Each structure stands twice: as C-alpha cells, then as structure tokens.
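Protein chains: 2
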Amino acid sequence: MNKKNNRITVKDVARKAGVSTAAAGRALGGYGYVSEELREKIMRAAEELGYVANQVARAMITGKSQTIGVVGADISNPFFAEALRGISDIARRHEFGVLITSSDEDVPREQEAVRILLEKQVDGLIVSPADINNCRHLDQAIAQGIPVVLLDRKLPTLAADAVLIDNVHASREATRYLLSCGHRRIAIITELSSDYDTQLALEPEKFATINADRLNSSGARLLGYLLAHHEAGVAVEKTLIRRTGKYCAQRAFEETLAVLDDAAPTAVFAVDNVMTQGAWRAVRERGIAVPQKLSFFAFDELDWLTLTTPRISTVAQPIHHMGVHAAELLFRRIRETDLPVSWQTYQVEMKLRESVATIAAKVKG
Amino acid sequence: MNKKNNRITVKDVARKAGVSTAAAGRALGGYGYVSEELREKIMRAAEELGYVANQVARAMITGKSQTIGVVGADISNPFFAEALRGISDIARRHEFGVLITSSDEDVPREQEAVRILLEKQVDGLIVSPADINNCRHLDQAIAQGIPVVLLDRKLPTLAADAVLIDNVHASREATRYLLSCGHRRIAIITELSSDYDTQLALEPEKFATINADRLNSSGARLLGYLLAHHEAGVAVEKTLIRRTGKYCAQRAFEETLAVLDDAAPTAVFAVDNVMTQGAWRAVRERGIAVPQKLSFFAFDELDWLTLTTPRISTVAQPIHHMGVHAAELLFRRIRETDLPVSWQTYQVEMKLRESVATIAAKVKG
DNA sequence: TTGAAAGCGCTAACAG
DNA sequence: CTGTTAGCGCTTTCAA
C-alpha cells in the first residue's frame with residue numbers, strides 16, 4: 110500500500126535492460142548519445158515495466174518545470190474561459206502544463222496565487238492583474254527570472270509583455286456610434302471599483318492631464334465614453350454614469366434599473382460582459398422595447414448576444430486569439446531571455462446588430 | 110543571467126541564520142521541532158534573503174506534489190468552466206494547485222493528458238471521460254495509487270468515485286413534461302457520436318435489455334426521451350431524432366433547421382448546452398414564434414437562458430456544486446486511502462419558463 | 001558511445 | 001530541541 114514503492118524508476122528499467130542508469134536515463138529522457146541497440150532494449154524494458162517518467166525529478170535538476178501559471182479574475186467567466194482555452198491549446202503544443210488560479214480581482218488573493226505558482230517553479234506566468242497599482246509580486250517574479258505576460262491589462266511600470274486592446278479607443282468608438290445615431294442620453298454601466306479615476310469625472314478640461322496608461326479597463330472605458338461626448342459637444346449628465354463597485358451581474362441589474370427609472374436614457378452601454386448580463390436583465394424586467402424605446406450596446410462578444418431578441422450590438426475583442434498570443438509571447442520569452450518588452454494592442458471589432466436604433470427625431474431636440 | 114544561481118535555498122537561509130540546514134528546513138517547512146528563538150532568527154533571515162520555497166524539491170521527497178489534474182472536454186464551455194470554478198475553489202482551500210487540460214472528447218487526447226498529468230506526479234485526477242468504453246489509462250492511474258473522481262459521467266467498470274446526475278431520469282422528466290403539455294411531435298437534438306446506443310432506437314421491447322450504465326450522457330438522455338414516450342403510449346417518429354455527431358453548435362443549428370423544415374415538430378428538446386445554442390439560433394433563423402408555434406426545452410442551466418425572449422425552460426444540473434463535491438471527494442481520497450467507491454447522483458431541477466406552452470388543441474388530434 | 005559518481009533542494013531518520 | 005547524514009529520481013559532468 111506504500112504509495113511509491115511500486116513506482117518504476119530509471120534504475121529499475123536500467124537493471125532490467127542490463128545497462129547503466131545513465132544510459133537508461135538518456136534513452137528515456139531523449140538526451141545524449143545512445144546506440145540504437147541499447148535504446149531498443151531500454152524502451153522494451155520500460156514498456157514491460159510500465160515506466161512513467163517523473164517530471165518532478167527532472168524539473169528539480171533542470172530547473173524547468175514545463176509548466177506555466179495563469180492568474181485570472183474568475184475562471185467561470187466565459188470571457189476568461191475563452192482566453193484560457195487559447196492559452197491551454199498553445200501550452201499543449203509545447204507540452205507544457207497549465208496551472209490555473211482565480212484572483213476574483215482581489216490583490217491579496219492574486220499575491221498568494223503568484224507566490225504558490227512561483228513555489229511550484231512555474232517557468233512563466235500569464236496574469237490579468239487585479240490592480241494596476243499593485244504589482245510588486247509580479248516584479249519579484251520577473252526579478253527571479255520568471256517571465257510574465259499581462260493579459261487584458263497593462264502595467265506601465267512593469268517590465269512585462271502585455272496583450273490587450275485599446276480600451277479608451279474601443280469605448281470611444283462605441284460611444285461615437287451611439288452619438289451618431291442621435292443618442293444624447295447614454296447610460297453607462299461600469300464596474301469601476303477603484304477610485305483614482307473619479308477625478309476625471311465630468312470636467313473636460315482635465316482630460317488632457319489624464320494618463321490613460323494608469324487607468325484600469327473600466328476607467329479607460331469610461332474615459333472613452335467621456336471623450337466621445339466631449340468631441341461631439343454633448344454634456345454628460347452625472348446620473349447616467351452608474352458604477353457597481355464590483356464585477357457582479359446583480360449589482361449591474363440594480364444600477365440599470367435605477368438609471369432607467371431615474372435618468373430616462375435613450376441608450377444603455379454596458380462595458381463588460383458581467384455588466385451586460387445584469388443590464389440586459391434589467392431592461393427586460395422593465396419591459397422596455399429595444400431598440401424602439403431604448404438602444405443597447407455591450408462590450409465583449411459572447412455567444413448569447415446573438416441569441417437574444419433583438420440581437421445585441423457589441424464591441425468585440427479577439428479574446429481567444431489574445432489568449433493564444435499571450436501564450437506564444439510567454440513561450441518565446443521562456444526560450445529566449447533578454448527580449449525587449451512589447452505590448453500588443455489588438456483592434457476591436459464593432460458588431461452592429463439590431464439592439465441599436467437611430468433616433469432622428471431627438472437629434473434636433 | 111543563470112536562471113537559478115540567484116535562487117535562495119534553505120541552505121542559504123541556514124547559513125545566514127547560523128543554524129543547520131535541518132533546523133532551517135523545519136522552520137521554513139513547518140514540520141518537526143524548532144524553538145521559538147531559532148524559528149524567529151530563521152524566519153528573519155528568510156525574509157531578508159527573499160526565500161521562496163521550492164515545492165518541486167519538497168514534492169520529490171514527500172512524493173506529494175500538492176497538485177491535482179483536471180481533464181475536461183473543453184475549458185471554454187461555460188458549463189465546464191463553472192464546474193472548474195468549484196474545483197479550483199476547493200483546491201485553493203487545500204492549498205493545492207490545479208492543472209487543466211482539454212480532451213475535446215477525443216480519447217487519444219485524453220490519454221495523453223492523463224499521461225502528462227501522471228508524469229507531473231499529480232496527487233489526484235478529476236476526469237470527464239470522453240468515452241465510457243476506453244478507460245485503461247484511468248485504470249492505470251488508480252493502479253498507481255492516484256485516485257480518480259469522475260465528473261458528469263461514470264464508468265461502471267472503474268474503481269473511481271463519480272459525481273453526476275441521473276441523465277435517463279432527467280431527460281425522462283423533461284420529456285414527460287413536454288408530453289403533458291400536449292406535445293406529440295418532440296424533436297430531440299443530440300450529439301450522440303458513439304454508436305452503441307443506436308440499437309435502442311425505436312423498439313420499446315428492447316428497453317428492458319438496455320444497461321443504462323453503459324450509455325454515455327447523450328445516450329442516456331435519448332433513452333429517457335424514448336422511455337417517456339413509451340410510457341405515454343406515444344410513438345416516436347425517427348425523423349424527430351437528430352444527432353450532430355459532435356459537440357458543435359453549427360451542426361446543431363443545421364440539424365434543427367432540417368427537423369423544423371422536414372418533421373413539423375411542436376417542440377424542440379436540445380439535450381446539452383452546445384446543442385441548445387445551435388438549436389435556438391435555428392429557431393430564430395426560421396422566425397418561428399416561441400412558444401406559440403413551437404415549444405423549446407433545454408438541458409443545463411446557463412445565464413443567458415433567462416435573457417432570451419421568451420426565457421428558455423431547462424433541466425438544471427447543480428454544476429458548480431458538482432465541481433465542489435468532486436474536488437472534496439478527491440481530497441478525501443487523497444488523504445485516506447481504502448475508502449469504498451461511491452457514486453454521487455444529484456437531482457436536477459426543472460426550470461419552467463415561458464418557452465414551453467400547452468397545446469390543448471392537438472392533444473385530442 | 002557508455003558508465004560511475006556527483007548532486008538539484010529538500011525532508012526524514014537518527015543521534016546527540 | 002538541534003545537527004548530521006542519507007537519499008527522493010533524475011540529469012550531468014567526466015572518464016573510460
């Protein structure tokens with residue numbers, strides 16, 4: 110019953126094949142020189158004994174665990190799950206394992222996750238950092254020689270590659286589109302828990318002073334919304350900006366109900382997939398006709414957006430591809446050290462569907 | 110630039126603290142006896158040097174990697190992602206890592222995944238097996254002393270715990286409900302790639318000979334559908350049974366279009382979440398009024414089912430909970446060996462919404 | 001080409 | 001309680 114007594118080792122295989130441990134190791138591990146004759150004998154012996162390589166022992170020697178770690182906000186978020194799929198496909202191709210963790214946007218959780226992953230000697234890390242201002246733990250990883258690739262967010266102070274979209278631009282485009290359709294009262298439903306972006310609020314003269322790189326996704330998307338309004342000469346009413354404080358569909362539902370009841374928006378812009386879920390539920394709860402009475406715009410493409418009635422317009426990130434690319438970047442960096450840091454910004458695609466309508470009448474109003 | 114030259118080890122900490130490696134190891138690893146005085150000195154030294162424990166080395170000695178492996182069909186499937194979330198929450202609580210892989214319902218892929226996970230010395234495995242008749246690789250894992258918990262499916266021949274639902278029962282209940290609403294032409298959209306269940310087809314006298322345990326989920330769900338019809342004395346028309354051959358929404362879309370066009374169903378029953386997506390798209394493509402002209406029933410609860418118009422009725426599995434439970438079973442078994450094998454069958458919940466209507470008129474027809 | 005021997009960083013016996 | 005000494009299973013010099 111001893112767990113490891115019956116485990117076959119290189120030594121066992123060597124003995125059975127009548128060769129040295131070193132020779133068996135070389136044949137089994139696929140390194141160094143072994144004659145064809147020996148190799149066959151060894152392989153046969155391994156087969157007969159049912160030898161299973163011990164990657165842990167190998168990792169100990171080589172210092173490489175053939176494993177990468179992924180720290181995301183929440184695995185059960187389909188948006189992240191799709192990225193993860195991309196990552197794991199690439200990892201499989203490289204014969205690497207993927208260790209996953211969820212931070213739930215919590216910095217201590219993220220720090221602990223990174224610590225555990227480093228202890229497990231991962232060869233690299235893909236992280237969607239919870240807080241753009243807290244990255245000492247990532248700095249440490251890099252200092253230890255563990256490359257880090259950032260997904261979906263970038264940390265301007267960190268020497269790590271990043272794969273993301275231009276959130277300001279994407280949100281600005283979406284808002285421009287709504288404005289071009291004649292909307293002047295566009296409600297925005299956003300998480301935006303952090304506070305260092307409140308100051309940008311509603312004062313256009315401050316826009317120039319804002320360093321977009323220091324904003325998180327939600328902050329950047331709010332800025333895009335404000336910029337689009339500003340350039341169109343449309344003032345934004347404060348009550349149209351609704352923040353939930355966390356990625357929680359229920360909170361989005363509540364905030365959307367509130368804005369529908371209090372601020373008479375002609376359009377709702379939900380800036381991430383969790384918000385979208387709550388916001389759409391709220392719109393249906395109130396029984397408002399979309400797009401006749403209200404237009405609806407989402408962020409992030411998800412399968413179900415085309416299964417609603419009407420189908421929902423959205424700003425789509427190439428998320429699967431971003432996961433793939435992040436993993437590829439990481440593997441390159443694991444292989445070659447001393448690569449320059451690079452940020453890869455992807456273009457978003459506007460998926461225009463029936464949830465948005467023009468309101469010519471009100472344009473003049 | 111040497112990757113590991115700068116890595117701090119127990120020895121370094123010991124030297125700095127002026128104690129033996131063993132003492133440092135005990136303090137750092139939290140095992141054995143260390144006086145408070147020494148422990149403090151050691152911890153301070155570790156702190157100052159920035160010591161990071163090497164779990165790989167620890168794993169080598171103890172034979173425990175503090176890691177479990179998960180083999181699912183497809184991580185990007187929200188259904189599986191939700192289960193994974195449950196698993197990973199429990200793993201975190203136990204301070205275990207989670208290595209994930211996707212099999213895409215392919216047996217060789219699954220075998221390779223299991224092999225790699227075993228090589229990485231995982232302490233346990235949670236698997237949704239691709240094929241109920243191919244489980245030698247899982248047998249081997251168990252023989253090696255690595256416990257396996259099956260999720261969503263069970264293998265009657267395997268000494269592994271399983272966490273699942275009674276698919277025959279669930280599907281039978283759903284079909285009964287549709288029948289009770291007066292439906293007599295219920296199309297069923299199913300994956301069902303495997304062939305060992307075709308024989309059950311439409312011959313009621315054979316039902317008794319069927320070993321439900323040997324069916325996979327899709328087979329069991331089809332059986333439930335057939336049984337419900339049989340007990341209601343309703344004959345099933347062959348053209349109402351549509352199989353896609355793989356978990357592919359596009360194929361489900363095509364098959365559903367076909368059945369709508371050719372078989373004049375009054376209800377559509379999509380038996381998993383991928384099928385549901387394609388089937389619902391097809392229904393909308395044809396512009397058929399639901400539930401007035403057609404009733405629609407799904408399998409598996411997903412957020413978006415309540416965001417459509419009308420909201421979609423479904424048979425809900427407690428999937429998050431099943432993930433949690435699978436992980437808990439696994440950890441128990443990792444801790445205590447020689448537990449009896451157990452299968453945990455969960456009850457499904459019928460979520461009745463507006464996508465199903467009674468068709469009184471046709472009941473008499 | 002092959003083998004003997006020396007560790008990787010840590011834990012587990014066993015003395016002291 | 002603390003230190004010494006052996007390894008875990010494998011890779012990697014270094015000779016032969």
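Protein chains in written order, with the numbering used here: chain A, 110 to 474; chain B, 110 to 474.
Glycine is no exception: its CB is placed at the ideal position from the N, C-alpha and C atoms.
Please read all numbers here as calculations on a predicted model, not as lab measurements.
>> Since L332 (chain A) and A317 (chain A) should fall inside the 8 Å C-beta cutoff, what is the C-beta to C-beta distance between them, to a whole number of angstroms?
In response: In fact, because the Cβ distance is near 12 Å, the residues do not count as touching under 8 Å.
>> Please list, in chain order, the residues of the stretch 400-417 of chain A that have any C-beta partner in chain B closer than 9 Å.
In response: L411, D412, W413, L414, T415, L416 and T417
> Curious, which full-length alpha helix (DSSP H) runs of at least 4 residues does the stretch 150-226 of chain A contain?
Replying inline: 164-171 and 187-202
> E228 (chain B) versus chain A: which residues are under 8 Å apart at the beta carbon?
Replying inline: Simply V161, A162, N163 and Q164.
> Whose Cβ in chain B lies nearer than 8 Å to the Cβ of V450 (chain A)?
Replying inline: Neighbours of V450 (chain A) on chain B: none; closest Cβ ~17 Å, over 8 Å.
>> Let's see if you can read the secondary structure: which residues bound the beta strand (DSSP E) around W452 (chain A)?
In response: W452 to Y455
> Any C-beta of chain B sitting closer than 7 Å to the C-beta of V207 (chain A)?
Replying inline: At least one beta carbon of chain B lies nearer than 7 Å to the beta carbon of V207 (chain A).
> Where do the N-terminal and C-terminal ends of the beta strand (DSSP E) with I428 (chain A) fall, by residue?
Replying inline: Here I428 (chain A) belongs to no beta strand (DSSP E); instead the alpha helix (DSSP H) covers I428 to R444.
>> Check whether chain A comes within 7 Å of Q359 (chain B), counting only Cβ atoms and requiring the distance to be less than that.
In response: no
> What whole-angstrom Cβ distance do S302 (chain B) and G354 (chain B) have, given they're in contact under 8 Å?
Replying inline: Taking 8 Å as the upper bound for CB-CB distance, S302 (chain B) and G354 (chain B) are in contact here, some 5 Å apart.
> Where are the beta strand (DSSP E) runs, 3 residues long or more, that stay fully inside the stretch 325-406 of chain B, in chain order?
Replying inline: 350-352 and 376-379
> What did DSSP end up calling S280 (chain B) once you bin it into helix, strand or coil?
Replying inline: Correct three-state label for S280 (chain B): helix.
>> Quick check on the burial criterion: 16 or more other C-beta atoms within 10 angstroms. Buried or exposed for D409 (chain A)?
In response: buried
> Going straight from the alpha carbon of A436 (chain A) to that of I319 (chain A), what length do you get?
Replying inline: 31 Å
> From the beta carbon of R395 (chain A), is the nearest beta carbon of chain B less than 7 Å away?
Replying inline: no
> By DSSP, does V122 (chain B) sit in helix, in strand, or in coil?
Replying inline: helix
> Along the chain, where does the beta strand (DSSP E) that runs through I295 (chain B) open and close?
Replying inline: I295 to T299
> Since G387 (chain B) and F362 (chain B) are thought to touch, with beta carbons under 8 Å apart, how far apart are those beta carbons, to the nearest angstrom?
Replying inline: 4 Å
>> Counting C-beta neighbours from all protein chains within 10 Å, is the total for D447 (chain B) 16 or more, i.e. buried, or is it exposed?
In response: exposed
> CB K263 (chain B) to CB W452 (chain B), shorter than 7 Å?
Replying inline: yes
> Is the beta carbon of A391 (chain B) within less than 6 Å of some heavy atom of the ligand SAH?
Replying inline: In the structure on display, the ligand SAH does not appear, and there are no ligands present to speak of.
> Mind checking whether S422 (chain A) and R360 (chain A) have CB atoms under 7 Å apart?
Replying inline: no
> If the cut is a Cβ gap below 8 Å, which residues of chain B does R390 (chain A) touch?
Replying inline: T415 and L416
>> I'd like the list of long-range same chain contacts for P265 (chain B), defined as Cβ closer than 6 Å, with 5 residues on each side in sequence excluded.
In response: D322
> Would you say the stretch 123-133 of chain B touches the stretch 150-158 of chain B, given that touching needs at least three Cβ pairs under 8 Å?
Replying inline: yes
> What number of angstroms, rounded off, separates the C-alpha of L416 (chain A) from the C-alpha of S464 (chain B)?
Replying inline: One C-alpha to the other measures close to 14 Å.
> Does the Cβ of P256 (chain A) have 16 or more other Cβ atoms within 10 Å, making it buried, or fewer, making it exposed?
Replying inline: buried
> So what does DSSP say about L137 (chain B), is it helix, strand or coil?
Replying inline: helix
>> Quick check on the DSSP output: the alpha helix (DSSP H) that includes L247 (chain A) runs from which residue to which?
In response: Here the alpha helix (DSSP H) through L247 (chain A) covers R245 to A252.
> On the three-state DSSP scale, how would you describe M459 (chain A)?
Replying inline: Annotated three-state conformation of M459 (chain A) is strand, per DSSP.
>> Just to confirm before moving on: does the CB-CB distance between V231 (chain B) and G178 (chain B) stay below 7 Å?
In response: yes
> For the putative contact between S185 (chain A) and R194 (chain B), defined by C-beta atoms under 8 Å, what is the C-beta separation to the nearest angstrom?
Replying inline: In this structure, S185 (chain A) and R194 (chain B) form a Cβ contact; the two beta carbons are roughly 4 Å apart against a cut-off of 8 Å.
> When DSSP labels each residue in this structure, what does A271 (chain B) get in the three-state scheme?
Replying inline: Reduced to three states, the DSSP call for A271 (chain B) is strand.
> Taking the alpha-carbon positions, what's the K460 (chain A) to A250 (chain A) distance?
Replying inline: 38 Å
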